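Colleague: Just so you know, the protein sequences line up as chains A and B, in that order. Position 15, counted from 1, in the first sequence is what this note's numbering calls 15; the numbers after and before it change by one each time, with no gaps. Position 246, counted from 1, in the second sequence is what this note's numbering calls 1246; the numbers after and before it change by one each time, with no gaps. Glycine is no exception: its CB is placed at the ideal position from the N, C-alpha and C atoms. Bear in mind that the values here come from a model prediction, so they are computed numbers and not experimental data.
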Amino acid sequence: MNIFDFFRERKKQSSAAVAKERLQIIVAHERGQRSKPDYLPDLQKELVEVIRKYVNIDIDQVQVALENQGNCSILELNVTLPDR
Amino acid sequence: MAKILVVTSGKGGVGKTTTSAAIGTGLALRGHKTVIVDFDVGLRNLDLIMGCERRVVYDFVNVINGEATLTQALIKDKRLENLYVLAASQTRDKDALTLEGVGKVMDELRESFEYIVCDSPAGIEKGAHLAMYFADEAIVVTNPEVSSVRDSDRMLGLLASKSRRAEQGEEPIKEHLLLTRYNPERVSKGEMLGVEDVEEILAIRLLGVIPESQAVLKASNQGVPVILDEQSDAGQAYSDAVDRLLGKELPHRFLDVQKKGLLQRLFGGRE
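(1) Decide yes or no for the touch test of the region 1178-1191 of chain B against the region 1139-1157 of chain B: beta carbon pairs closer than 8 Å, at least 3 of them.
(2) Return the first residue and the last residue of the alpha helix (DSSP H) that Ser1239/B is part of.
(3) Cα-Cα, which of Val27/A, Thr80/A and Leu66/A is closest to Ser1148/B?
(4) For Ile26/A, return the contacting residues in chain B, with the cut-off set at a CB-CB distance below 8 Å.
(5) Consider the Cβ of Asp1197/B: report whether some Cβ of chain A lies at a distance smaller than 7 Å.
(6) Determine the direct distance from the alpha carbon of Ile1227/B to that of Ala1021/B, and round the result to whole angstroms.
(7) Taking 7 Å as the CB-CB limit, is Gly1157/B close to chain A?
(8) Please report whether the beta-carbon of Asp15/A lies at a distance below 7 Å from any beta-carbon of chain B.
(9) At 8 Å on the CB atoms, spell out the chain D contacts of Asp1153/B, in chain order.
(10) Shortest alpha-carbon distance to Val1007/B belongs to which of Asp1093/B, Lys1078/B and Ile1116/B?
(11) Go ahead and label Glu1170/B buried or exposed: buried means 16 or more other beta carbons lie within 10 angstroms of its beta carbon, across all protein chains shown.
(12) In terms of alpha-carbon separation, which member of Phe1134/B, Gly1247/B, Pro1211/B and Gln1231/B lies closest to Val995/B?
(13) Going by C-alpha distance, which of Leu1046/B, Asp1077/B, Val1198/B and Val1105/B is nearest Ala1061/B?
(14) Would you kindly report the start and end of the unbroken beta strand (DSSP E) that includes Tyr1133/B?
(15) Can you grab the Cα-Cα spacing for the pair Ala1068/B / Tyr1058/B, in whole Å?
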């Protein structure tokens, strides 16, 4: 190892720091998922079935999200219809 | 008033059974009548770690099915007066444990014990759920490693939502973090998550840090809970953890790299 490598090494983040960063992101994400009500996946599935009666769509073309703003909750429904 | 403790983690191989044996034995050493219950149906191992594997006649499932009484199934420890073990069954039937059956056994144990330590199986399936369901306090065993920390967080979510206390709207389970297999040298080199890192991510009270230690394997080889090896670092760290569990304030030990003396440096010594 020459002197340049020594300085290059210094700059690199330690693997423990990388681990911490990755964990903070994934744990925050999964905690967010946890607070969602259990019925959302079922709701999404049934909505897809209803829409499919009229338009042919995939399950991932319907997005259901529940947002809490103060004392009111907003159920956001986003349906992407296929190109005609 | 009896207290039910669950030792849980989500991930396997992090030291749940070692911890259950150590903490249970530590509580008994301090004069509390304690029973350690193995919930790992199908893969029982607590009996081996406690050194009572040849004395298992009846198990947890026998008691639930009414094939034996609790008194018949409880194995009295040979070293300590007020320590008992309830072994798991080796049946492959996943539904051998039922919520109702476990509840009945817990109620009966509550009458004669001060502490009931539940050794949870790995995973988040039925066995793990039943082990934590009735708990008053939880010891979440975590290794300083990404998959273990993530699984512990998942387990904390379940403790807060799927336990009896959560379902009945009672005061939530008191959660404790026990960091095991900690290697200060690797932490100082930036190769391992440090105590503060894990504490920051999981955000629960730190009960103790158990250093990676040769004493743990040695103890399990011999069927002696590692806390009884009073000379060992791991044994002392578990002992501190038990004292903290009982409300004592103690500084955390074994967090820093042991400085090698001149002689040790010259002759190496055992790692």
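Modeller: So, from the data block:
(1) With a cut-off of 8 Å on Cβ pairs, the region 1178-1191 of chain B is in contact with the region 1139-1157 of chain B, counting three or more such pairs.
(2) As a working note, residue 1239/B is residue 239 in the second sequence. Residues Asp1233 to Leu1245.
(3) For the purposes of this step, residue 1148/B is identified with residue 148 of the second sequence, where counting begins at 1. Checked all of Val27/A, Thr80/A and Leu66/A; the closest Cα to Ser1148/B is Val27/A.
(4) Position 26 of the first sequence, counted from the first residue, corresponds to residue 26/A. Within 8 Å Cβ-Cβ: Arg1150.
(5) Start at 1 with the first residue of the second sequence, and residue 1197/B comes out as number 197. It does: the Cβ of Asp1197/B has a partner Cβ on chain A nearer than 7 Å.
(6) Taking the first residue of the second sequence as 1, we reach residue 1021/B at position 21. Taking the first residue of the second sequence as 1, we reach residue 1227/B at position 227. Near 8 Å, if we compare the C-alpha coordinates of Ile1227/B and Ala1021/B.
(7) Residue mapping note: residue 1157/B aligns to position 157 of the second sequence, counting from 1. Taking Cβ atoms only, chain A reaches closer than 7 Å to Gly1157/B, which makes this a yes.
(8) Taking the first sequence and counting its residues from 1, the one referred to as residue 15/A is at position 15. The amino acid occupying residue 15/A in the given sequence is Ser; Asp does not appear at that position. Closer than 7 Å to some Cβ of chain B, the Cβ of Ser15/A qualifies, so yes.
(9) Considering every chain present, this structure includes no chain D. Its protein chains are A and B.
(10) Mapped onto the second sequence, residue 1007/B falls at position 7. Comparing Cα positions, the closest option is Ile1116/B.
(11) Taking the first residue of the second sequence as position 1, residue 1170/B is located at position 170. So Glu1170/B ends up on the exposed side.
(12) Residue 995/B is absent from the structure shown; chain B starts at 1001 and stops at 1271.
(13) One-based indexing of the second sequence puts residue 1061/B at position 61. Note on identity: in this sequence residue 1061/B is Val, with Ala being the wrong assignment. Among Leu1046/B, Asp1077/B, Val1198/B and Val1105/B, the Cα nearest to that of Val1061/B belongs to Val1105/B.
(14) Position 133 of the second sequence, counting from 1, holds the residue named residue 1133/B. Not the beta strand (DSSP E): Tyr1133/B falls in the alpha helix (DSSP H), residues Lys1126 to Tyr1133.
(15) Here residue 1068/B corresponds to residue number 68 of the second sequence, with the count starting at 1. Here residue 1058/B corresponds to residue number 58 of the second sequence, with the count starting at 1. Taking the straight line joining both Cα atoms gives about 7 Å.
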